[in-house]
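Position 2 of the sequence shown, counting from 1, maps to 2 under the UniProt record's numbering, and the rest follow consecutively.
Data block below; observations after.
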Amino acid sequence: MNFDTWLKSLPGAPTPTIAAKKSGLAAPTLLRHVERGHSTADNVIAIAKAYGVSPIDALVDNGMLEPSDLGGERSPIKAALRDATITELLETLIERVNNSGLIEGSFEMSTIAGRKPSDGVNELNPESKPDDPWAAAATVGGKSSWRGDEMVADDSEEEGFLGDDNYSDGP
């Protein structure tokens, strides 16, 4: 892939200027390299390290190394991911999401695995019944935020008529 495409594949899809700033390189240089479609190995390595990407994979992606140059396996991490079971991948993903600070609360494997839509269990509120849509809709972050007396409209039998709203004397 060319240098510009590789930059866009990095976490956050940085612009050349942002990538230069984060990696300590000169922005005009990277802009020229984007125009040309390739950069130097030193720049690719510096940017890869700044974004937490494997420099080896970055060099391969930019055509500076061939996968055969690495003796077969491109990255031991990719091999481990390929060999991991779905359960192992989910457990690792859940752990990383929980530790990221991106969400309030936490996920647990039991809330993801073993549930099917046909079970009739609401993921947000497992105690809600399938025939109780209000309870499911009113549950946020595992806490019920809805009380039965909080309705948009009341259930009184009579409705007011024009002029009964105490705003004016009517027509």
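From the three backbone atoms N, C-alpha and C, an ideal C-beta is built for every residue, glycine too.
> Are the beta-carbon atoms of VAL34 and ASP4 separated by less than 7 Å?
Replying inline: yes
Among VAL53, MET109, ARG36, the one whose alpha carbon lies nearest that of ILE77 | VAL53
Rounded C-beta distance between residue 172 and ALA41? I'm assuming under 8 Å.
In the structure as shown, the chain begins at 1 and stops at 171. Residue 172 is therefore absent and cannot be evaluated.
Use the C-beta contact count for ALA84: other C-beta atoms within 10 angstroms, 16 or more gives buried, fewer gives exposed. exposed
Coarse secondary structure for HIS33, derived from DSSP in three states | helix
Practice prompt. Please state whether DSSP places VAL53 in a helix, a strand or coil.
Written response: coil
Cβ pair ALA13, ALA20 closer than 7 Å: no
Query raised in the report: Count the other CB atoms within 10 Å of the CB of VAL97; is the residue buried (16 or more) or exposed (fewer)?
Result: exposed
Should PRO67 be labelled buried (16 or more other beta-carbon atoms within 10 Å of its own) or exposed? exposed
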